[in-house]
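Reading through the structure tokens given below for one structure.
In our numbering, the protein residues as written are 12 to 365.
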């Protein structure tokens with residue numbers, strides 16, 4: 012997006028961003044809690060993550076229902092200040108029919124009539140628009156709704172054209188930071204995890220990890236596929252004990268009483284053979300950026316750690332050594348004397364691992 016900063020408006024912008032010792036600020040309102048833990052404040056953003064069919068949207072419905080009623084739903088308790096009690100829900104993936112089913116579910120959880128409109132929530136279907144238009148619609152909607160306190164973006168990935176574009180990812184996260192600060196709102200987003208591990212997808216996932224206030228992970232229970240566990244993988248406040256919910260006969264999420272948190276699985280080996288050509292290329296372009304064509308061993312491993320973390324594969328030095336061996340076996344990196352040279356014209360087809 013084009014910069015809006017010009018010589019003419021710079022002094023005004025400078026006066027707004029300059030922090031002075033004599034300034035006073037209100038403590039950001041804590042608006043959503045899980046037990047005694049604060050997971051959301053006004054002026055920040057958070058996320059629900061999980062793999063396909065983990066029931067991420069059901070989890071978000073519970074958060075919204077609590078925001079609409081001020082009552083406890085699952086383990087969420089939401090209290091927004093007067094004048095900031097409206098919810099805006101943007102869905103980027105589903106059809107109008109399925110969006111309407113989500114709205115019905117929210118109303119049922121909140122105890123509101125499912126066949127009557129309420130001015131407390133606006134539900135918007137963005138499936139038909141491209142990423143740029145989706146972001147503009149969100150921006151314009153926020154500009155005209157000062158009473159909004161909670162914004163849901165169900166499908167953060169769909170605000171970008173390329174999930175592995177570092178530029179687009181930084182731009183979208185920058186929009187979240189600007190919107191939350193400018194409008195004093197909380198934004199809760201939804202983003203998928205990689206199929207092969209528990210890392211959030213692409214550059215946007217990396218940026219989200221760096222900037223979000225809280226990231227909730229929704230995971231299907233291996234022993235009961237109707238049960239999903241919620242835990243915080245990132246939280247600025249004190250952590251909370253994981254809890255679980257199931258879908259009851261009415262199609263609504265219901266807390267599983269007496270749930271014992273599952274043991275966290277041991278991380279699977281770094282399945283670098285499953286990464287496609289573009290994923291490797293994105294990571295290595297970052298590692299060898301700024302015209303760097305060759306590196307010695309230790310600097311190479313350090314740069315590879317940075318490059319692969321950009322695509323959501325942050326691993327220890329020993330694993331990076333294994334990745335380097337793999338890259339050399341496939342002619343992606345070649346050794347010349349004491350230097351390692353990146354073959355920018357490589358071609359690689361990932362192997363399928365069952």
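Cβ atoms here follow ideal geometry from the backbone N, Cα and C, with glycine treated the same way.
Residue range 159-165 is occupied by the beta strand (DSSP E) that includes residue 164.
If only complete runs of 4 or more residues are kept, the region 80-123 shows the alpha helix (DSSP H) at 107-121, in order along the chain. Taking C-beta separations shorter than 7 Å and ignoring five residues to either side along the sequence, the partners of residue 120 in its chain run 72, 73, 76, 84 and 263, following chain order. Here residue 166 really is in contact with residue 102; their C-beta atoms are around 7 Å apart, less than 8 Å.
By the 16-neighbour rule on beta-carbons within 10 angstroms, residue 190 is buried.
Taking 8 Å as the upper bound for CB-CB distance, residue 162 and residue 60 are not in contact here, some 17 Å apart. Under a 10 Å Cβ-count criterion, residue 269 is classified as exposed, with fewer than 16 other Cβ atoms of the shown protein chains found around its own Cβ.
When the five nearest sequence neighbours on each side are left out, the beta carbons in the same chain lying within less than 8 Å of the beta carbon of residue 312 are those of 328, 331, 332 and 335, in order along the chain. Counting along the chain, the unbroken beta strand (DSSP E) around residue 257 starts and ends at 254-258. Residue 184 and residue 200 have their C-alpha atoms spaced approximately 11 Å apart. Contact annotation: residue 146 and residue 192 have beta-carbon atoms that are not nearer than 8 Å. Contact between residue 295 and residue 359 does not hold, since their C-beta atoms are separated by about 11 Å, which reaches or exceeds 8 Å.
Here residue 204 carries a strand assignment [DSSP, helix/strand/coil].
About 6 Å separates the beta carbons of residue 266 and residue 256, which is inside the 8 Å limit, making them a contact pair. Following the DSSP letters along the chain, one finds residue 346 inside the beta strand (DSSP E) bounded by residues 344-347. For the pair of segments examined, the region 88-105 was found to touch the region 153-162: the number of CB pairs separated by less than 8 Å reaches three. For the pair residue 116 and residue 104, the Cα-to-Cα distance works out to about 17 Å.
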